[in-house]
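When the letters of the sequence shown are read in order and numbered with the numbering used here, they come out as residues 8 to 206.
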Amino acid sequence: MRSLLVIRMENIINDPDQATSGLFPEIMLEENGYQVQIADGDSSARVLRLLGEADAAVLDLPIEEIPEWEKLLSQSRPIPVLWWCSPQTASSSAEACETEIAIDGILTPSMRDRELHWALHFAAKQCMERQQWASERKQLQSRLEERKWIDMAKGILADMKNISEAEAYDLLRKKAMNERKRMVDVATAIVKAHQLLQS
């Protein structure tokens, strides 16, 4: 991870003396060998354009604004998202911390070089795990949806043909094999045809 995109609201820090005190993430990151691009949080088009070149995004924003940026970033492409926790961005109320946000790590102005490198490393790892969990969740939801259609079709076939659900399942499986279709596709067709005939 070498290239980072810092996203901040233009008005978050107004005091130029804070730049020398290390409260800007880009100063600390550049001092530690990272390439940094800065994007004004008011321009989402620029953020998305710069995101294509970045290995991670650092949000220099109050915690209340993270969810909307997190959503925008996740729609673009999977990328580690870190929060720059400084006195300015952490000045929110305790209720803001209860908001569900999926950030992969936190950076602070007091971090030393090794702490910074490890935080970025673990953020990349956390991002990969988060993407894997999202993929597995999507697959499980898809399987549950397929199972629902198959169970409904089994019930319809069992009632119509006056057979057990096990026999209805075998009938459904054979029909899918004969038509060279997926079982869920055959089941969906049966359920929709039955619903059409019932209405």
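Ideal placement from N, C-alpha and C gives every residue a C-beta, glycine not left out.
This structure is a prediction, so every number in the text was calculated from the model and none was measured.
Exposed unless 16 or more other CB atoms sit within 10 angstroms - verdict on residue 78: Classification for residue 78: exposed.
Assumed close pair residue 208, residue 63 - CB separation to whole angstroms, cut-off 8 Å: The structure shown has nothing for residue 208, since the chain only spans 8 to 206.
Inter-residue Cα distance where the pair is residue 44 and residue 111: Near 19 Å, if we compare the C-alpha coordinates of residue 111 and residue 44.
Whole-angstrom distance between residue 96 and residue 41, CA atom to CA atom: Spanning the two alpha carbons is a distance of roughly 22 Å.
Three CB pairs or more closer than 8 Å across the segment 107–123 and the segment 70–77: Result yes; three or more Cβ-Cβ pairs closer than 8 Å.
Uninterrupted beta strand (DSSP E) stretches inside the segment 33–79 (no shorter than 3 residues): Complete beta strand (DSSP E) runs here, min 3: 42–47, 63–67.
Separation of residue 191 from residue 184, as counted between CA atoms: Taking the straight line joining both Cα atoms gives about 12 Å.
Closest residue to residue 126 among 149, 92, 147, 150 (Cα-Cα distance): The shortest C-alpha separation from residue 126 is found at 92.
N-terminal and C-terminal residue of the alpha helix (DSSP H) that residue 149 is part of: Start and end: 120–168.
Local conformation of residue 239 per DSSP, three classes: Nothing about residue 239 can be read from this structure; the chain reaches only from 8 to 206.
Expected contact under 8 Å - CB spacing of residue 194 and residue 156 to nearest Å: So it is a contact: roughly 4 Å between Cβ atoms.
Same chain only: Cβ atoms within 7 Å of residue 85, ignoring 5 sequence neighbours per side: 134, 138, listed in sequence order.
Which residues DSSP lists as bridging residue 12, in chain order: Per DSSP, the beta-bridge partners of residue 12 are 44, 64.
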